[in-house]
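One structure below.
Numbering (my numbering), first residue to last: 8 to 332.
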């Protein structure tokens with residue numbers, strides 16, 4: 008069972024905040040709303056984070072003051088929501104909502120009141136409401152038994168931060184050099200690209216050797232190959248770093264990409280290039296949060312996700328760009 012209190016709330020937030028995100032920094036930014044940005048002494052911070060003391064009464068009293076209540080949403084949006092780590096901030100809502108749902112001493116009515124704002128569009132408000140409620144709740148462990156329950160959560164929260172530190176230490180892989188001549192493993196997706204160009208021009212075929220006659224397609228072709236090699240760089244680096252662990256992180260990346268673009272791919276388009284462009288635009292903005300590779304800084308960007316689409320064509324999960332109807 009999890010418990011919602013200052014300590015557990017702070018540890019969840021700590022795992023997704025940009026640096027500095029040590030105990031003191033997190034306590035200062037959270038309690039700054041209530042203490043008018045006066046630093047809380049380190050000893051108190053340590054006691055709060057380790058569930059060894061209650062939140063000071065003066066701080067609890069300030070939580071209901073008009074100044075705090077009226078300024079909480081603005082404060083959390085500007086001071087906290089805006090400084091979440093972009094590589095793992097999507098973990099925040101699931102962790103915080105689960106903390107609320109698992110708390111058996113909160114009424115269903117109060118849970119619903121807190122959870123109704125648990126979405127990205129109202130993240131600051133959700134964090135503010137949950138924090139101001141957590142301030143009032145017991146922070147000190149009442150018994151050894153309760154301590155065992157909380158102690159099960161603390162290592163998990165600490166490990167989230169440690170995992171992100173580990174992932175952040177992984178350097179971006181050296182990019183594969185795109186060869187001038189096509190490699191054998193490019194033939195499938197390249198064939199589909201050329202068919203898309205021919206479809207747009209309403210001609211039977213457009214061989215690679217004829218691209219010089221079509222500058223816009225020649226440039227497009229070069230960009231698509233660069234995207235493919237960007238994705239292939241990640242595929243090989245993933246294998247080198249993660250080895251043969253199950254689940255394969257690059258397979259997860261492919262699955263996430265497929266799920267994110269297939270609805271666009273299935274729509275009607277006047278020709279293959281239109282479908283290609285629409286899918287690539289979609290691929291550039293989709294989230295692939297289930298894949299651990301997305302949490303490594305500078306690994307997965309728009310080019311890599313677009314390149315994965317070409318790998319999906321190679322795999323025949325996407326049947327090219329020209330409609331067969």
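For each residue, glycine too, the CB sits at the ideal point set by N, CA and C.
| Item | Value |
| --- | --- |
| Per DSSP, the bridge partner or partners of residue 24 | 91 |
| Expected contact under 8 Å - CB spacing of residue 324 and residue 265 to nearest Å | 6 Å |
| Endpoints, the alpha helix (DSSP H) within which residue 182 is located | Counting along the chain, residue 182 falls outside any alpha helix (DSSP H), and DSSP gives it neither H nor E. |
| Near the ligand ZN: residue 188 beta-carbon under 6 Å from a heavy atom | Ligands displayed in this structure: none; no statement on the ligand ZN is therefore possible. |
| Straight-line Cα distance separating residue 65 from residue 285 | 56 Å |
| Backbone secondary structure at residue 119 - three-state DSSP | helix |
| Residue 262 to residue 290 span [Cα, whole Å] | 12 Å |
| Cβ pair count under 8 Å reaching 3, the segment 233-241 against the segment 308-322 | yes |
| Classification of residue 330 by the beta-carbon crowding that lies within 10 angstroms, buried from 16 upward | exposed |
| Residue 213 and residue 207 closer than 7 Å at C-beta | no |
| Identity of the residue in 13, 182, 297, 132 nearest residue 260 by Cα | 297 |
| The segment 72-92 contacting the segment 30-43, beta-carbon criterion three pairs below 8 Å | yes |
| Beta-carbon proximity check, residue 56 vs residue 30, cutoff 7 Å | yes |
| Separation of residue 194 from residue 219, as counted between CA atoms | 19 Å |
| Distance CB(residue 299)-CB(residue 256) smaller than 7 Å | yes |
| Extent of the continuous alpha helix (DSSP H) to which residue 316 belongs | 309-321 |
| Cut-off 8 Å between Cβ atoms - residues of its own chain near residue 225, not counting five sequence neighbours on either side | 218, 219 |
| Coarse secondary structure for residue 112, derived from DSSP in three states | coil |
| Cβ neighbours of residue 71 in the same chain (closer than 7 Å, five flanking residues each side left out) | none |
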